[in-house]
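Order-wise, the sequence lines are chains S, B, F and X. Residue numbers are given in my numbering: position 175 of the first sequence equals residue 584, and the series is strictly consecutive. Residue numbers are given in my numbering: position 116 of the second sequence equals residue 525, and the series is strictly consecutive. Residue numbers are given in my numbering: position 73 of the third sequence equals residue 482, and the series is strictly consecutive. Residue numbers are given in my numbering: position 306 of the fourth sequence equals residue 715, and the series is strictly consecutive.
Number of protein chains: 4
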Amino acid sequence: MKAVVIGAAGYAGGELVRLLLGHPEVKEVIATSRSQAGKRLGDVHPQLAALTTASFESLTPVEAAAKADVIFLALEHGESGKVAGELLATGKLVIDIAADFRTSDKGLAERFYGPHPAPELLPQFTYALADVVGDALKGKKALAAPGCFATAAQLALWPLKDARVSPSLFAVTGSSGAGVGLKATTHHPARAHNLFAYSVLSHRHEAEILQRWREWTGNRTAEARLMVHAGPFVRGIYLTLHARGEGLSVDMYAKAYAGRPFIRVVDQPPELTHVVGTNYAHIYAQVAPLGREIQVSVAIDNLVKGAGGQAVQGMNLALGLPETAGLIGGGVWPI
Amino acid sequence: MKAVVIGAAGYAGGELVRLLLGHPEVKEVIATSRSQAGKRLGDVHPQLAALTTASFESLTPVEAAAKADVIFLALEHGESGKVAGELLATGKLVIDIAADFRTSDKGLAERFYGPHPAPELLPQFTYALADVVGDALKGKKALAAPGCFATAAQLALWPLKDARVSPSLFAVTGSSGAGVGLKATTHHPARAHNLFAYSVLSHRHEAEILQRWREWTGNRTAEARLMVHAGPFVRGIYLTLHARGEGLSVDMYAKAYAGRPFIRVVDQPPELTHVVGTNYAHIYAQVAPLGREIQVSVAIDNLVKGAGGQAVQGMNLALGLPETAGLIGGGVWPI
Amino acid sequence: MKAVVIGAAGYAGGELVRLLLGHPEVKEVIATSRSQAGKRLGDVHPQLAALTTASFESLTPVEAAAKADVIFLALEHGESGKVAGELLATGKLVIDIAADFRTSDKGLAERFYGPHPAPELLPQFTYALADVVGDALKGKKALAAPGCFATAAQLALWPLKDARVSPSLFAVTGSSGAGVGLKATTHHPARAHNLFAYSVLSHRHEAEILQRWREWTGNRTAEARLMVHAGPFVRGIYLTLHARGEGLSVDMYAKAYAGRPFIRVVDQPPELTHVVGTNYAHIYAQVAPLGREIQVSVAIDNLVKGAGGQAVQGMNLALGLPETAGLIGGGVWPI
Amino acid sequence: MKAVVIGAAGYAGGELVRLLLGHPEVKEVIATSRSQAGKRLGDVHPQLAALTTASFESLTPVEAAAKADVIFLALEHGESGKVAGELLATGKLVIDIAADFRTSDKGLAERFYGPHPAPELLPQFTYALADVVGDALKGKKALAAPGCFATAAQLALWPLKDARVSPSLFAVTGSSGAGVGLKATTHHPARAHNLFAYSVLSHRHEAEILQRWREWTGNRTAEARLMVHAGPFVRGIYLTLHARGEGLSVDMYAKAYAGRPFIRVVDQPPELTHVVGTNYAHIYAQVAPLGREIQVSVAIDNLVKGAGGQAVQGMNLALGLPETAGLIGGGVWPI
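This is the structure:
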């Protein structure tokens with residue numbers, strides 16, 4: 410099987426290529442990039458230097474798609490939409506890790522991202538929250554991989570779908586989440602040892618979170634507020650959910666994720682460094698006496714579980730491969 | 410004026426001594442320590458090397474108190490209670506930065522800290538949340554300085570006292586909050602780049618937070634949940650509050666802290682590094698349309714505003730000195 | 410093939426187990442530990458949680474050795490020597506990653522480590538600087554894996570063996586090099602953002618470095634000074650060599666390491682994060698005009714190339730397996 | 410006394426303003442900036458928010474100079490030279506913290522910085538390595554403050570001026586040394602936890618270091634090689650010198666700096682965090698038996714001792730004020 414990653418020069422693209430290069434069913438990985446065409450992959454993504462001597466290709470998306478069996482889109486938000494139509498027409502599996510097709514609700518999407526480049530394609534994509542959707546992805550031809558914060562948030566929310574709660578979700582991300590582009594908020598002297606909230610009451614991952622939360626709860630006005638923060642580390646997202654309600658229990662989490670290979674419901678608060686480099690989510694839930702209050706913490710690697718790893722897991726599920734193929738291990742500790 | 414800091418070998422004690430050495434009304438600072446007696450202060454607390462050539466003294470609390478006009482207790486929790494009685498008997502101002510006298514409610518105190526060494530003294534202490542209590546501290550002889558998380562939490566809660574809300578409070582602390590003693594959670598290989606929740610649904614600062622929150626709201630069952638996390642930095646606490654209610658507004662914060670010299674109600678989310686080394690709290694509030702939801706972030710230095718600085722501010726207020734004496738500036742940035 | 414790691418509770422032992430679990434020729438890995446016996450490996454070394462459900466066993470070294478084909482010793486310095494005799498008697502491959510058998514010169518060893526527990530065994534061990542010694546390790550039954558600083562230092566020194574120079578070697582290590590035990594120098598509040606020299610003019614890795622340097626140069630008084638520093642990161646060693654001489658050239662490095670699979674002679678200064686998690690050494694050399702001065706930088710992962718990875722590479726070479734088996738890739742970036 | 414800082418928007422300019430605002434003899438500080446004109450100083454440099462409500466002014470250098478008694482230039486390299494002539498003509502004290510006037514040797518300067526904008530002014534400036542030059546700065550009207558690496562290097566070199574050695578100098582700087590401008594090397598995901606050499610055998614501070622080293626030794630071909638590295642911290646420079654020679658002794662350092670208020674010759678290796686925020690240099694020297702080899706470590710704050718602090722110390726000396734005015738203390742620890 411051949412895979413192409415279109416727009417592979419970013420951090421998520423690099424990790425996606427790393428995982429595909431180690432995937433037992435993938436024999437070749439083609440990586441395209443306009444900005445890095447001609448450069449060795451290993452010169453842009455150091456973790457690939459030991460794995461491949463290939464270079465970025467300057468193929469157009471359609472040209473690239475013609476050479477592959479599975480097509481990953483790792484473009485900027487808004488760019489996927491421009492090329493998705495042609496790619497879907499090939500009949501091959503298309504997996505977008507950008508935001509363009511994460512909400513089927515055009516209004517919700519446009520509120521956060523502006524005019525959509527291809528609203529008519531929205532219904533064709535399946536939201537691929539792999540650990541929740543699982544085998545139902547089998548046979549799908551168009552997957553929208555969830556955002557990094559949205560993955561952490563929804564993994565915390567899913568077991569509470571019947572609990573009639575309005576959770577508060579606090580999350581802290583590492584600097585890699587802001588991408589390879591230089592920004593004042595990721596300037597080392599300003600980011601090191603720092604912590605700050607941003608996108609207050611307005612983070613754009615709320616679109617995809619709310620759509621799912623309302624579908625799951627069957628309540629069109631259900632609420633769940635995501636409060637994002639930037640932290641002084643590179644890799645990972647740590648999210649803590651808090652909710653008050655009735656009949657809350659720790660078992661909700663054990664049950665919801667029983668048998669799911671990449672979710673570990675752990676018996677003490679997860680640590681961020683334990684999941685770095687891996688496709689695992691570590692989740693811990695604790696309930697106050699009487700079951701009227703719950704605190705849940707989720708740790709994930711934003712570039713693996715929150716991007717490349719979840720996309721590969723989606724590919725595995727869509728193609729009927731073993732769900733864990735190419736995704737076991739990967740952690741290095743201490744780090 | 411002479412000040413003594415009893416048990417000054419810890420991080421909070423060191424910062425307290427630093428501030429007192431720079432205080433215009435304090436002519437001498439005596440620091441005692443059993444573990445470090447005889448050592449230069451600057452050899453234990455490097456930031457003091459340029460400020461004093463004094464050494465830790467091995468005086469008993471009573472001996473130390475006899476030499477000073479103001480007595481600061483920077484002992485381990487449980488130790489202050491054992492000596493407070495004798496110190497109060499001197500009639501001098503006593504300021505405890507440990508937890509022993511932070512709640513006047515013995516039951517609440519013992520739930521988190523175990524049997525109290527001197528419950529009969531609890532009513533004599535005033536909880537010195539300086540930025541809220543202000544001039545009402547004038548003339549007090551016994552102050553209990555709030556805990557670091559509790560300070561951040563209460564500064565976020567105070568303006569909401571009439572809002573009939575049950576806030577969720579998410580906080581991240583630096584490793585200095587765990588003290589100078591070696592711990593597995595502050596072992597550098599394990600703490601660097603890491604983030605994790607702890608004391609889930611059971612942090613002991615909840616005692617002092619809840620007592621105040623219930624007094625302020627006049628509601629004996631009012632709730633406010635603190636969720637603490639350990640972050641990969643040394644200094645500071647960042648706290649974000651979330652609440653749903655009615656009639657919430659940003660003005661609540663501007664009004665509550667109008668004229669308070671160490672509270673800056675800022676117009677974008679505060680950054681942790683901006684307050685490191687200082688006695689300032691930076692607070693930002695944002696309200697959702699219709700005023701039904703509020704997100705508030707507070708940044709403080711855990712060892713200054715959350716310990717030594719607030720204690721000095723309390724001293725200033727109790728003695729009728731200018732509130733800001735010895736507490737202006739102190740920040741170094743970038744850091 | 411079965412492998413046993415005796416004393417696997419430390420950081421180097423954990424990484425060694427990780428690599429062995431991913432080794433294509435190793436079917437089973439037994440890990441022993443007195444302190445952690447009975448605990449899951451993944452509970453002590455989080456990176457192993459996805460790879461094995463095994464627990465630490467409490468076997469004695471001899472019992473453990475009886476169950477395996479290859480025996481790794483990851484004990485404290487001084488402990489390997491006590492058990493090495495019995496293990497060598499089994500005729501199986503024994504690889505010690507502690508310091509006990511790194512110098513064949515008893516005097517040099519005892520100057521830095523004190524009385525040797527088994528000096529009569531010193532001649533039986535081969536110093537397994539894998540990237541230099543290579544195929545000459547084939548068939549050896551007792552390997553002493555080099556120390557972490559020593560590995561970086563010797564990789565910088567080897568190509569200069571005929572250059573008649575007395576290099577200065579400046580190195581910075583991450584905190585994981587100091588081990589899992591709590592120490593004042595690895596207390597997070599004191600280690601974060603810090604940098605400091607230690608073991609000035611007396612680091613114990615000098616014993617093994619000098620022995621090799623003098624053998625290589627054929628000069629019994631040849632000098633090379635290692636100056637070690639502790640840096641504010643967890644993983645890796647960065648070493649810069651400086652020397653003045655005659656006829657120095659960059660080609661010395663390209664030639665010395667031609668064909669060696671884990672040495673990359675790179676064309677700009679290496680970055681530490683590029684080798685974290687891997688068995689690679691990145692080396693860069695630059696020469697001043699006229700060839701009278703050389704600066705060389707080496708970056709390695711202290712726990713992989715400097716411990717577990719090099720030990721596995723030694724095993725591969727000793728047993729005639731492909732040198733790179735189980736050791737390709739492993740990097741995660743950015744981190 | 411009024412001071413003006415021309416081009417105060419950078420990190421060094423910010424720290425310079427902070428120190429001037431706390432200086433007992435400075436009644437007003439005017440800060441100019443083209444890029445930040447009109448903005449509050451505290452909005453650009455958070456550490457100033459508590460100290461002043463002033464804004465950056467858009468005055469030309471000549472206009473600014475007319476308003477002040479002392480003129481600090483904190484412009485980009487190459488910019489100071491364009492305006493220095495007019496400023497010197499005012500007869501007021503001019504202190505340049507850029508590189509333009511650090512070498513009196515035009516050839517050496519141009520080798521590293523390109524064509525000089527005002528070579529005819531080079532002889533008018535005095536190189537103000539304050540801790541070495543001391544009172545000899547009294548009455549000078551034009552000071553060139555040394556570079557940050559150069560300061561650390563020269564403080565290590567000065568006591569060795571008669572030792573006939575060719576030292577190797579290894580140094581690591583924090584990211585603030587690269588300035589406020591966004592760079593790939595200070596992008597947080599790439600810089601955090603990283604370490605790398607740069608400007609190999611060609612760092613431009615070598616110009617000023619070599620000029621002084623050759624003057625001090627009286628040897629026009631004396632050598633001293635600076636090897637710079639970028640480290641994963643924000644603040645400070647740590648430098649280690651190594652040299653082989655004869656008759657080397659630790660006393661050289663104690664003697665050379667006896668009575669100098671900002672040099673502490675310490676009895677164990679300095680730690681970087683102990684000097685952050687301060688104008689102190691901590692220096693440790695150790696000599697091998699027989700005095701044939703020396704290792705020296707120096708820790709400084711790159712923005713204080715290596716920029717703003719040394720400039721203020723130079724001002725104090727030039728104007729005959731107490732050398733330590735406005736420069737005592739300033740450290741915050743742990744940090």
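Even glycine gets a Cβ: it sits at the ideal position worked out from N, Cα and C. Note that the structure is a prediction, hence the values are computed from the model and not measured.
At 7 Å on the CB atoms, spell out the chain S contacts of Ser585(F), in chain order. Within chain S, the residues near Ser585(F) are Pro743.
Along chain S, in chain order, which residues have C-beta atoms closer than 9 Å to that of Leu591(X)? Neighbours of Leu591(X) across chain S, judged by C-beta separation under 9 Å: Leu591, Lys592, Ala593, Thr595, His596.
Provide the residue(s) that pair with Asp505(S) in DSSP beta bridges, ordered along the chain. Paired residue(s): Leu482(S), Ala553(S).
For the stretch 616-665 of chain X, list the beta strand (DSSP E) runs that are entirely contained and at least 3 residues long, ordered along the chain. Fully enclosed beta strand (DSSP E) runs of 3 or longer: 634-639, 646-653.
Closer than 9 Å to chain B by CB, Gly431(X): For Gly431(X), the answer is yes, since a Cβ of chain B falls inside 9 Å of its Cβ.
Can you pull out the residues from the stretch 601-621 of chain B whose beta carbon lies closer than 8 Å to at least one beta carbon of chain F? Within the stretch 601-621 of chain B, those residues whose Cβ lies closer than 8 Å to any Cβ of chain F are, in chain order, Ala601, His602.
If we define contact as Cβ-Cβ less than 9 Å, is Phe558(S) a contact residue for chain C? Judged by its chain identifiers, the structure shown contains no chain C, and its protein chains are S, B, F and X.
Please identify, using Cβ separations under 9 Å, the residues of the stretch 492-519 of chain F that lie next to chain S, in order along the chain. Cβ contacts with chain S: none found.
Can you list, in chain order, the residues of its chain whose CB lies under 8 Å from that of Leu496(X), leaving out five sequence neighbours each side? Same-chain partners within the cutoff: Pro470, Val471, Ala474, Ile480, Leu482, Val503.
Three-state secondary structure (DSSP) of Phe534(X): The answer is coil: DSSP assigns Phe534(X) none of H, G, I, E or B.
Beta-carbon separation (whole angstroms), Phe534(B) vs Leu552(B), contact threshold 8 Å: The pair is a contact, with the Cβ atoms about 7 Å apart (cut-off 8 Å).
From His596(S), Gly419(S), Ala498(S), Thr682(S), residue whose alpha carbon lies closest to that of Leu457(F): For the set His596(S), Gly419(S), Ala498(S), Thr682(S), the Cα lying nearest the Cα of Leu457(F) is the one of Thr682(S).
Within this structure, are the beta carbons of Ser584(F) and Pro641(F) separated by less than 9 Å? For Ser584(F) and Pro641(F), yes; Cβs fall inside 9 Å.
Taking the alpha carbon of Lys501(B) as the point to measure from, which residue in Ala459(B), Gly548(B), Glu529(B) has its own alpha carbon closest? When only C-alpha atoms are compared, the closest one is Gly548(B).
Using the three-state DSSP reduction, which class does Thr441(X) fall into: helix, strand or coil? Looking at Thr441(X) - three-state DSSP - the assignment turns out to be strand.
Our contact map puts His705(B) next to Gly645(B) with C-beta atoms below 8 Å; I'd like the distance itself, whole angstroms only. Strictly speaking, residue 705(B) in this sequence is Val, with His absent from that position. The pair is not a contact, with the Cβ atoms about 17 Å apart (cut-off 8 Å).
Measuring only between beta-carbons, confirm whether Val643(X) sits less than 9 Å from chain S. It does: the Cβ of Val643(X) has a partner Cβ on chain S nearer than 9 Å.
Buried or exposed: where does Glu732(X) fall if 16 or more other Cβ atoms within 10 Å of its Cβ makes it buried? It counts as buried.
I want to see whether chain S comes within less than 9 Å of Tyr693(X), judged by CB atoms only; does it? Any Cβ of chain S closer than 9 Å to the Cβ of Tyr693(X) would place that residue at the interface, and such an atom is absent.
Residues in the stretch 420-449 of chain X with C-beta within 9 Å of chain B's C-beta atoms, listed in sequence order? Correct list: Tyr420, Gly423, Glu424, Arg427, Leu430, Gly431.
Please report whether the beta-carbon of Arg673(S) lies at a distance below 9 Å from any beta-carbon of chain F. At a cut-off of 9 Å, the C-beta of Arg673(S) has a neighbouring C-beta in chain F.
Can you give me the C-alpha to C-alpha distance between Leu350(B) and Ala507(B), rounded to a whole angstrom? Here chain B comprises residues numbered 410 to 744, so residue 350(B) is not present and cannot be evaluated.
Would Val581(X) and Gln563(X) be called neighbours here (beta carbons separated by less than 9 Å)? Contact flag unset, no.
Using three-state DSSP, classify Phe521(F) as helix, strand or coil. The three-state reading of DSSP puts Phe521(F) in helix, counting H, G and I together.
Glu702(B): which of Leu657(B), Gly735(B), Ala690(B) sits nearest, CA to CA? For Glu702(B), the nearest C-alpha among the options comes from Leu657(B).
Contacts of Pro455(F) in chain S (Cβ-Cβ under 8 Å): Those are Glu680, Thr682, His683, Gly740, Trp742, listed as they occur along chain S.
Closer than 9 Å at the beta carbon, the chain B residues around Ala599(X): Chain B residues near Ala599(X): none, gap ~15 Å exceeds 9 Å.
Could one say the Cβ of Gln719(B) lies closer than 9 Å to chain S's Cβ atoms, at least one of them? So no, Gln719(B) is outside the interface.
Label Gln445(B) either buried or exposed according to how many other C-beta atoms from any shown protein chain fall within 10 Å of its C-beta, with 16 as the threshold for buried. Buried.
heavy atom of the ligand MN below 8 Å from Ala716(S) C-beta: As far as ligands go, the structure on display features none, and thus does not contain the ligand MN.
Please classify Leu604(B): is it buried, with 16 or more other beta-carbons within 10 angstroms of its beta-carbon, or exposed? Classification of Leu604(B): buried, given that the 10 Å Cβ count is 16 or more.
Determine the extent of the beta strand (DSSP E) in which Val696(X) is found, giving its start and end residues. Start and end: 690-696.
Considering just the uninterrupted stretch of the beta strand (DSSP E) at Arg600(F), what are its terminal residues? Looking at the DSSP string, Arg600(F) is not in any beta strand (DSSP E); the run it does join, the alpha helix (DSSP H), is 597-600.
Mind checking who Leu578(F) pairs with in its DSSP beta bridge? Beta-bridge pairing links Leu578(F) to Leu635(F), Leu650(F).
Which of helix, strand or coil DSSP assigns to Arg427(X): Here Arg427(X) sits in helix by DSSP.
Does any CB atom of chain B fall closer than 9 Å to the CB of Thr626(X)? So no, Thr626(X) is outside the interface.
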